[in-house]
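The numbering of the sequence shown is our numbering, which starts it at 26 and goes up by one. Every residue gets a Cβ at the ideal spot worked out from N, C-alpha and C, and that includes glycine. One structure below.
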Amino acid sequence: MWCQTTSPLKITVSLYAAQREARVIAVEPNPILFERLTTNMRLNGMRADLLRIAVGDQEGSGQLAQVNRDFDGGRIGARHGAAVRVRPLLDILQACDVTVMHVLKIDIEGYEDRALLPFFREAPTTLWPDHIIMEDTEHGRWAQNVFPVLRRCGYERRSRSRRNLFLSRF
Numbered sequence: 026m027w028c029q030t031t032s033p034l035k036i037t038v039s040l041y042a043a044q045r046e047a048r049v050i051a052v053e054p055n056p057i058l059f060e061r062l063t064t065n066m067r068l069n070g071m072r073a074d075l076l077r078i079a080v081g082d083q084e085g086s087g088q089l090a091q092v093n094r095d096f097d098g099g100r101i102g103a104r105h106g107a108a109v110r111v112r113p114l115l116d117i118l119q120a121c122d123v124t125v126m127h128v129l130k131i132d133i134e135g136y137e138d139r140a141l142l143p144f145f146r147e148a149p150t151t152l153w154p155d156h157i158i159m160e161d162t163e164h165g166r167w168a169q170n171v172f173p174v175l176r177r178c179g180y181e182r183r184s185r186s187r188r189n190l191f192l193s194r195f
């Protein structure tokens, strides 16, 4: 099962996972990216649970602000922007009847701490992903550093790309 959040690479990663018959749960609040993802999944005959919501620390709503001219990204918490529903990661997984998660792909523009910290505090260890692929270029926007918590939960860095870390739990 792959679960991921907003990223311009979501289409590629989601299609890759779906082609390998993984269950894909794609969380995308950006209306433009959501439409691209939906269209690409349909055109390629792939199945996925596509949710047009944002991941955060609590149930509620927020504003999705444009971060570039193409609106292929976005940040929650701005004063102006498109209204979007926000749900905790654990709630999303429970609503989708997920009992095991092999890979979590997360890129939510500096909101990773608000999604991951409550999840690891509240989720049963059986629901913790085996691997996490996460963008960390926005870690300066975090209210709290996620990495000490991930280390305590047994995650170790396995590799790094230009924008993403690959962590595994043993």
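Per DSSP, I57 is one residue of the alpha helix (DSSP H) stretching across 56-68. The DSSP assignment places complete beta strand (DSSP E) segments of no fewer than 3 residues inside the stretch 146-195 at 156-160, 180-185, 189-194, in order along the chain. Looking at the DSSP output, D74 bridges to I50.
Judged by DSSP in its simplified three-state form, I117 adopts helix. If you look at V111, you'll find it in the beta strand (DSSP E) that goes 107-112.
For I131, the enclosing beta strand (DSSP E) covers residues 128-131.
DSSP places Q83 in the coil class of the three-state scheme, outside both helix and strand.
Here the alpha carbons of G179 and F144 stand approximately 15 Å from one another. A distance of 8 Å or more separates the beta carbons of V38 and L76. When the alpha-carbon of L58 is set against those of L89, I157, R177, Q169, the nearest one is in L89.
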